[in-house]
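Below is one structure, written out as structure tokens; the observations come after it.
In my numbering, the protein residues as written are 1316 to 1453.
The following block contains the structure:
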């Protein structure tokens, strides 16, 4: 008489480990999703202003003022944004980018967002979006 006990399936410890991994992935997703939603709001504001700039000439101060207004409407905290590693404006280390060449204008953003995770572990996400537009015909 042979007794064969074969273990089939997962043990409780493996099941708890898998549930823990899925839970941690969901935790990270819930922390990162608002940052990307904020980026898409900023990107749409840059695109909207770029489309507006194709129709009319705009100075840097007008661009900055309109950009801050649009971001206020979208509830984006501008003060919470830190300039990216490259920095858009090297002298001021500004988050917003505005550069005019002969017949082209570049507008955009470059910033980093730090997300605290657990204890002293943080995620650092860099965002860089620049759009080149042709200057309007005079």
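Cβ coordinates follow ideal geometry from the N, Cα and C atoms, glycine included. Computed from a prediction, not measured in an experiment: that's the story for all the values here.
Inset, instruction - Could you check if residue 1438 is buried or exposed, using at least 16 other CB atoms within 10 Å of its CB as the buried criterion? - result: By the neighbour-count rule (16 or more Cβ atoms within 10 Å), residue 1438 is not buried but exposed.
Legend entry - Burial state of residue 1329 (16 or more Cβ within 10 Å): Residue 1329 counts as exposed, since fewer than 16 other C-beta atoms from the protein chains shown sit within 10 angstroms of its C-beta.
Inset, instruction - Run the proximity test for residue 1396: is its beta-carbon closer than 7 Å to any non-hydrogen atom belonging to the ligand FAD? - result: Among the components modelled here there is no ligand, and therefore nothing to report on the ligand FAD.
Legend entry - Neighbourhood of residue 1423 by C-beta distance below 8 Å, restricted to the same chain and skipping five residues each side: Residues 1361, 1403, 1411, 1412, 1443, 1444, 1445 and 1446 of the same chain have their beta carbon placed closer than 8 Å to that of residue 1423, with the five preceding and five following residues left out of the count.
Legend entry - Cβ shell of residue 1448 (< 6 Å), same chain only, five flanking positions each side left out: Once the five neighbours on either side are set aside, the close Cβ partners of residue 1448 are 1365, 1368, 1369 and 1420.
Inset, instruction - Confirm, please, whether the CB-CB distance from residue 1357 to residue 1386 is below 8 Å. - result: In this structure, residue 1386 sits near residue 1357, with a CB-CB distance shorter than 8 Å.
Inset, instruction - Kindly list the residues whose CB is nearer than 6 Å to the CB of residue 1346, restricted to its own chain and excluding five residues on each side of it in sequence; keep chain order. - result: Taken in chain order, the residues that qualify are 1430.
Inset, instruction - Could you work out which residue in 1325, 1418, 1415 and 1425 is closest to residue 1409 when comparing CA atoms only? - result: Checked all of 1325, 1418, 1415 and 1425; the closest Cα to residue 1409 is 1425.
Inset, instruction - Verify whether the separation of the beta carbon atoms of residue 1391 and residue 1427 is less than 8 Å. - result: Remark: C-beta atoms of residue 1391 and residue 1427 do not approach each other more closely than 8 Å.
Inset, instruction - Taking residue 1443 as part of the beta strand (DSSP E), name the residues at either end of that continuous run. - result: It spans 1436-1449 - the beta strand (DSSP E) in which residue 1443 sits, taken as one unbroken run.
Inset, instruction - Round the Cβ separation of residue 1433 and residue 1350 to the nearest angstrom and send it over; I've been treating them as touching at under 8 Å. - result: With a Cβ gap of about 17 Å, residue 1433 and residue 1350 do not count as contacting.
Legend entry - residue 1415: first and last residue of the uninterrupted alpha helix (DSSP H) it sits in: Counting along the chain, residue 1415 falls outside any alpha helix (DSSP H), though it belongs to the beta strand (DSSP E) covering 1411-1415.
Inset, instruction - Would you verify that the beta carbon of residue 1329 is, or is not, closer than 8 Å to some beta carbon of chain D? - result: Chain labels in this structure do not include chain D; a single protein chain is all it has.
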